[in-house]
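A short write-up of the structure that comes next.
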């Protein structure tokens with residue numbers, strides 16, 4: 262697992278891997294924000310469903326318009342709690358669609374990412390989060406299998422075989438494998454005390470590296486953001502690569518033209534804090550706070566990012 266140099270003093274430095282004696286509840290609070298961004302996928306799931314329905318052209322076009330409007334409304338919502346309250350309805354809807362179309366890769370991928378977003382972000386009860394993210398992972402695995410049956414047993418393969426299979430991916434495989442990776446990461450976060458689960462983290466990182474190579478611009482920098490986080494989770498002595506992490510954070514910021522404020526928050530949290538770069542830390546967070554959060558398609562994320570920036574700055578004197 263890749264990570265950052267420097268002793269981790271506080272839980273908000275971020276980690277999926279528990280240190281000896283760490284409290285499990287504290288672990289569940291680590292790196293919550295990256296999964297908050299997956300609300301995007303939850304809303305886009307509605308849009309994906311338009312291509313999956315066999316209800317005819319007229320119904321499909323009507324569904325497409327509704328899905329597009331709904332997605333836009335959620336992404337431009339400036340009250341995260343309203344979104345959190347609405348998500349369970351989508352979960353039930355997607356479950357029903359899967360019951361009807363269990364081999365539909367698009368629906369399975371949408372359900373995987375929505376369950377990951379909800380379970381990892383908005384659920385504080387550990388048992389519920391465990392169940393929800395386990396379902397996310399099942400849907401993610403079923404999604405790549407439905408996409409191509411050559412991938413059905415991929416998760417159980419030894420790493421070398423797993424990695425060799427990933428080398429065969431094409432750009433058409435990116436959406437299914439993105440959902441697969443996000444749902445697996447959410448599952449890992451909810452099972453952070455299980456080292457057997459965490460042992461597969463290199464596989465998830467390999468998926469993200471492969472996806473980034475296939476389509477750097479997919480999800481406007483989200484893949485780069487995840488890779489930045491993964492590279493700054495552990496000191497270099499334990500396999501981390503903080504400078505690679507910094508490059509990925511900068512790539513994520515560039516790909517969103519600086520409009521996605523959460524990328525700067527994660528840069529400050531994952532890199533600047535871990536390397537004790539106070540000037541960079543404060544500059545990034547003050548940039549976030551000073552920015553206008555209202556950006557079409559990013560307002561929800563940006564409001565969340567500004568709240569986190571205030572919290573990180575408030576604790577900076579104690580941290581540094």
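Residue numbers (my numbering): 262 to 581.
Each residue gets a CB set at the ideal place from its N, CA and C atoms; glycine is no exception.
Source: prediction; values computed, not measured.
Using CA coordinates, which residue listed in 535, 514 and 389 is at the minimum distance from residue 563?
514
Out of 477, 447, 454 and 407, which one is the CA nearest neighbour of residue 432?
477
With DSSP run on the structure shown, which of helix, strand or coil describes residue 424?
helix
To the nearest angstrom, how far is the alpha carbon of residue 403 from that of residue 426?
17 Å
Burial state of residue 374, where buried means 16 or more other Cβ atoms lie within 10 Å:
buried
Pair every Cβ in the segment 412 to 420 with every Cβ in the segment 341 to 352, then say whether three or more of these pairs are closer than 8 Å.
no
Count the other C-beta atoms from every protein chain shown that fall within 10 angstroms of the C-beta of residue 483, then say buried if there are 16 or more, exposed otherwise.
buried
Count the other C-beta atoms from every protein chain shown that fall within 10 angstroms of the C-beta of residue 428, then say buried if there are 16 or more, exposed otherwise.
exposed
Cα separation between residue 520 and residue 504?
23 Å
My assumption, with CB atoms under 8 Å, is that residue 408 sits in contact with residue 366. Please give the rounded CB distance.
4 Å
Residue 578 by DSSP, collapsed to three states: which one?
helix
Assess contact between the segment 564 to 571 and the segment 534 to 541, defined as three or more Cβ pairs (one per stretch) separated by less than 8 Å. Is contact present?
no
Proximity test, residue 429 beta-carbon vs the ligand FMN heavy atom, cut-off 7 Å
Annotation note on the ligand FMN: not contained in the displayed structure, which lists no ligands.
Drop a sphere of 10 angstroms on the beta-carbon of residue 489, count the other beta-carbons inside from all chains shown, and report buried for 16 or more, exposed for fewer.
buried
Just to check my reading of the structure: residue 390 and residue 381 have Cβ atoms closer than 8 Å, yes? What is that Cβ distance to the nearest angstrom?
7 Å
Taking a contact to mean a Cβ-Cβ separation below 8 Å, would you say residue 469 touches residue 437 in this structure?
no
Where in the segment 467 to 546 do unbroken runs of the alpha helix (DSSP H), each at least 4 residues long, occur, reported from the N-terminal end onward?
483 to 492, 503 to 516 and 522 to 528
DSSP three-state call for residue 561: helix, strand or coil?
helix
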